[in-house]
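Numbering (this note's numbering), first residue to last: 64 to 368.
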Amino acid sequence: MTYGNVSDLPAFSTGPQGSDVQLHREIAQAGYEGLQGGHPGLCSKFGLALLGSGLLVQPADADELAASWKARDAVAVTCIAGFGMESDTEMDVYAAAICKAAVDHQIPLMLETHRASITQDAWRTVQLSRRFPQLRFNLDLSHWYTGQEMLYGDLSARLSFLKPIFEQTLFLHGRIGDRCCMQVPLAEVSEVGLSIFRRAWTQVMRHLLLSSHEADMELWFCPELLGPTYNYARQFHDDAGELQEETDRWQEAQLLVAIAQDCFKDACSSLKGGDRFSTPTCSITDKVVDNEHKINQKGNTSCKS
């Protein structure tokens with residue numbers, strides 16, 4: 064889960080409302096394994112893996128970002144790079160810096176698919192992934208789903224085109240939108256819209272299960288339902304005329320985790336009778352050993368070989 068998902072919950076939310084200590088405690092008690100943007104000491108105290116994030120204004124920022132989170136004992140970092148006006152050459156400089164920083168500091172550093180950044184365009188991002196097969200991504204599909212009207216045209220062809228991104232993704236931001244809003248209550252998401260996110264997430268997980276890269280065994284699913292500060296959570300006037308968020312982001316995050324768990328089971332099932340996993344078993348475990356492929360989300364869902 065991201066810190067922004069819980070740091071400013073509405074008063075009616077069933078999620079944590081108190082101090083940072085209470086926030087970290089309740090996240091751990093709810094079964095989450097990690098917190099993106101959490102406090103290092105509190106994450107350690109409550110057994111949460113620390114996940115980092117940051118913005119790369121210039122390529123040189125990648126080294127400092129990776130180093131700073133590594134020093135705080137983070138296990139993975141995501142980054143938003145640039146502002147969306149960069150040339151292909153400038154994109155390559157960012158990608159090279161990200162890859163180098165990940166190796167130099169021995170920490171996964173994933174480039175996020177995000178509007179107003181070098182990855183705002185899906186076509187250019189796919190070309191970037193082909194030029195840098197070692198680059199790893201944080202797939203936040205909501206930016207492309209809304210920003211590039213994924214319902215237009217041949218959906219299967221679009222998802223097939225995005226295969227290089229799915230193959231290089233090691234982090235998923237959990238958020239589902241519609242054609243005009245990037246973050247909407249799940250009750251309002253159409254069956255078609257939900258199926259697109261499910262298909263994409265399942266493909267990411269399936270590619271992970273088939274991966275032969277021993278260093279790339281960990282995939283984080285991280286709900287990121289942000290508040291109204293940046294106009295993510297929609298607000299409406301209540302009976303008293305006060306603006307209120309339309310839903311409880313704490314409960315919505317738990318629903319997203321359940322969807323992701325179903326996607327992982329589907330990914331496991333799709334491999335039955337073929338490839339490397341003839342009889343996969345999906346379970347919630349506290350810890351996995353070296354020979355297991357895993358997805359970290361609410362609990363630790365693993366597919367054992």
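In this text, a Cβ means the ideal position worked out from N, Cα and C, and glycines have one as well.
A quick note: this is a predicted structure, and the numbers were derived from the prediction, not measured.
- Secondary structure at M173: strand, using DSSP grouped into helix, strand and coil.
- In this structure, C142 lies away from E96, with their beta-carbon atoms at least 8 angstroms apart.
- Just so you know, the alpha carbons of V166 and Q266 end up roughly 26 angstroms apart.
- Annotation for P103: no beta strand (DSSP E) segment contains it, though the alpha helix (DSSP H) segment containing it runs 103 to 108.
- Close CB contacts of A123 within its chain, under the 8 angstroms cut and outside five residues either way in sequence, are with A160 (chain order).
- Nearest in C-alpha terms to A220, of all of A250, R262, R242, is R262.
- Within the same chain, Cβ atoms closer than 8 angstroms to the Cβ of D126 are found at A160, K163, A164, D167, H168, the five residues on either side in sequence being excluded.
- Residues of the same chain with a CB within less than 7 angstroms of the CB of L318, apart from the 5 flanking positions on each side, are L249 in chain order.
- With a 10 Å radius around the Cβ and a threshold of 16 neighbouring Cβ atoms, G117 comes out buried.
- The beta-carbon distance between Y215 and G240, rounded to whole angstroms, is 15 angstroms. This is too long to meet the 8 angstroms contact definition.
- Here L257 is exposed. Its C-beta has fewer than 16 other C-beta atoms within 10 Å.
- Secondary structure at G147: coil, using DSSP grouped into helix, strand and coil.
- By the C-beta criterion, the segment 193 to 212 is judged not to be in contact with the segment 302 to 322, since fewer than 3 inter-stretch pairs fall below 8 angstroms.
- With respect to the 8 angstroms criterion, I181 and A144 are classified as neighbours on the basis of their beta carbons.
- Remark: C-beta atoms of L235 and N68 do not approach each other more closely than 8 angstroms.
- Note: G97 is bridge-paired with A112 in the DSSP secondary-structure output.
- Taking all protein chains shown into account, C243 has fewer than 16 neighbouring C-beta atoms within 10 Å of its C-beta and is therefore exposed.
- Taking 8 angstroms as the cut-off, the Cβ atoms of S70 and W313 do not count as close.
- In this structure A330 touches R269 by the C-beta definition: roughly 4 angstroms separates them, less than 8 angstroms.
- The closest CA to that of T188, considering only A158, D217, M213, E212, is found on A158.
- Your pair L113 and D83 does not check out as a contact, with CB atoms roughly 13 angstroms apart and the cut at 8 angstroms.
- A Cβ-Cβ distance of about 15 angstroms is found for the pair M148 and L191, leaving them out of contact under the 8 angstroms criterion.
- One alpha carbon belongs to A185, the other to A296, and they sit about 24 angstroms apart.
- Taken through DSSP and simplified to helix, strand or coil, G210 comes out as helix.
- Within the same chain, and ignoring the five residues on either side of G110 in sequence, the residues whose Cβ sits closer than 7 angstroms to its Cβ are A91.
- Scanning its chain for C-beta atoms nearer than 8 angstroms, with the 5 sequence neighbours on each side dropped, one finds around Q246 the residues S205, R238, I239, G240, L288, L289, Y295, A296, R297, in chain order.
- Collapsing the DSSP output to three states places C162 in a helix.
- The three-state reading of DSSP puts C331 in helix, counting H, G and I together.
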